[in-house]
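As structure tokens, the structure follows; a few thoughts come after it.
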Amino acid sequence: MDADIPLLQGDIETMQTYFAERKQRTTRLYQTAKLAGFLCTILFLTFIQFVYFGVIMKIWGPEKADVDREACTCKCWDTVFKGTYEMGVGRYKHVYFNVTAQTFKMWGLTVVAVIMTYECISYVVRIALCGRIRYTMLALLFAVIHPHYYSWWMFFGYYNDDFYVQWYHQLLFTVTELLSTALVLSMLDRGVKPSPRKLYTIASIALLHILAGGMDQFVTNVLLGRGMFHQVTRDIAFFSSDVVYLLVAWAELAMLCVRENIPASLLIMSLKRDIMTSVVVISGLLLILSYI
Numbered sequence: 126m127d128a129d130i131p132l133l134q135g136d137i138e139t140m141q142t143y144f145a146e147r148k149q150r151t152t153r154l155y156q157t158a159k160l161a162g163f164l165c166t167i168l169f170l171t172f173i174q175f176v177y178f179g180v181i182m183k184i185w186g187p188e189k190a191d192v193d194r195e196a197c198t199c200k201c202w203d204t205v206f207k208g209t210y211e212m213g214v215g216r217y218k219h220v221y222f223n224v225t226a227q228t229f230k231m232w233g234l235t236v237v238a239v240i241m242t243y244e245c246i247s248y249v250v251r252i253a254l255c256g257r258i259r260y261t262m263l264a265l266l267f268a269v270i271h272p273h274y275y276s277w278w279m280f281f282g283y284y285n286d287d288f289y290v291q292w293y294h295q296l297l298f299t300v301t302e303l304l305s306t307a308l309v310l311s312m313l314d315r316g317v318k319p320s321p322r323k324l325y326t327i328a329s330i331a332l333l334h335i336l337a338g339g340m341d342q343f344v345t346n347v348l349l350g351r352g353m354f355h356q357v358t359r360d361i362a363f364f365s366s367d368v369v370y371l372l373v374a375w376a377e378l379a380m381l382c383v384r385e386n387i388p389a390s391l392l393i394m395s396l397k398r399d400i401m402t403s404v405v406v407i408s409g410l411l412l413i414l415s416y417i
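Taking this note's numbering, the leading residue of the sequence shown gets 126, the next gets one more, and so forth.
This is the structure we're talking about:
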């Protein structure tokens, strides 16, 4: 009995050493992921702004006249944020902004968008460093970059222009896109089993966007060829993203049936209530979109 005590103590010390080293590895991984996520967020936001402002907006719209910076003035600028340094009619600035409630909302919207982007990228980096990325879900995240950026830019523009005719229309698309992205993030980790209900919800949201886009502008601008260049490219980008979401979600459901040896008919029966709910919700939302 006494001879077993040193052995037991040795096992305890080994376990303590193991857990201490594991804690250190976890801490290092967390710190590395946090730093890498921060740096990747900076690079991503810088790159996407360069692509949109430096490339797309240069070729997207009609050619504009150069601004005469020496003679340019702005009578609509309240100059409040300049304090006593500048009053009255302001001279040329790269960015003018008035101190109003709309400016506060635009700033808050941008801060929320940046924080959400940071959290999303940090999570992706952390999962990648652990080697547990589910690449189909990662592809969906890449596919939704443009729609999310466009949503932020549209709300920014609505506040900036005091133009709210399309507010609720865009809000519906944005909320459903955020819900779909949240579901994708929840299945990004290969250690998490894909949920048939989540995959079906993602597919349903994509179908809603495709049908709503067809009712809205896609058919007119793209299929009938009545849209301008920037309208056609915008609608094709949105449509492509939704088609990718729809196909990948259904492909994941099919692979889930194969892996789990589940008959497709049984899977459909298990989602019967979800299917009926989605039909009602999609029909209702399409009806609402036709009036707003």
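Beta carbons: idealized from backbone N, C-alpha and C, even for Gly.
Can you grab the Cα-Cα spacing for the pair residue i / residue j, in whole Å?
i      : j      : result
Tyr210 : Leu168 : 34 Å
Trp202 : Tyr221 : 7 Å
Thr343 : His294 : A quick correction: the sequence has Phe, not Thr, at residue 343. Those two C-alpha atoms are separated by around 15 Å.
Thr261 : Thr402 : 26 Å
Glu377 : Leu410 : 26 Å
Leu310 : Ala196 : 50 Å
Leu324 : Gly352 : 33 Å
Leu265 : Lys189 : 35 Å
Pro272 : Ala379 : 26 Å
Val249 : Met212 : 47 Å
Leu332 : Val192 : 44 Å
Taking C-alpha atoms, which residue in the options lies nearest to residue i?
i      : options                        : result
Tyr284 : Phe178, Lys397, Ala226         : Ala226
Leu234 : Leu296, Phe281, Phe363, Ala328 : Phe281
Val290 : Lys159, Ser276, Ile417, Thr157 : Ile417
Which partner residues does residue i have in the DSSP bridge list?
i      : result
Asp314 : Ile258
Cys199 : Gly215
Provide the residue span of the alpha helix (DSSP H) that contains residue i, from first to last.
i      : result
Pro321 : 321-338
Cys101 : This structure cannot speak to residue 101, because the chain is shown only from 126 to 417.
Arg398 : 397-414
Met279 : 270-286
Classify residue i: buried if its beta carbon has 16 or more other beta carbons within 10 angstroms, exposed otherwise.
i      : result
Glu302 : buried
Leu132 : Because the pLDDT at Leu132 is just 49, under 50, the model does not fix this residue reliably, and the value given afterwards should be weighed accordingly. By the 10 Å Cβ count, Leu132 comes out exposed.
Gly316 : exposed
Cys245 : buried
Asn223 : exposed
Arg359 : buried
His219 : exposed
Arg153 : exposed
Gly162 : buried
Could you check whether the Cβ of residue i sits closer than 8 Å to any Cβ belonging to chain B?
i      : result
Val239 : The question asks about chain B, but that chain is absent: this structure has only one protein chain.
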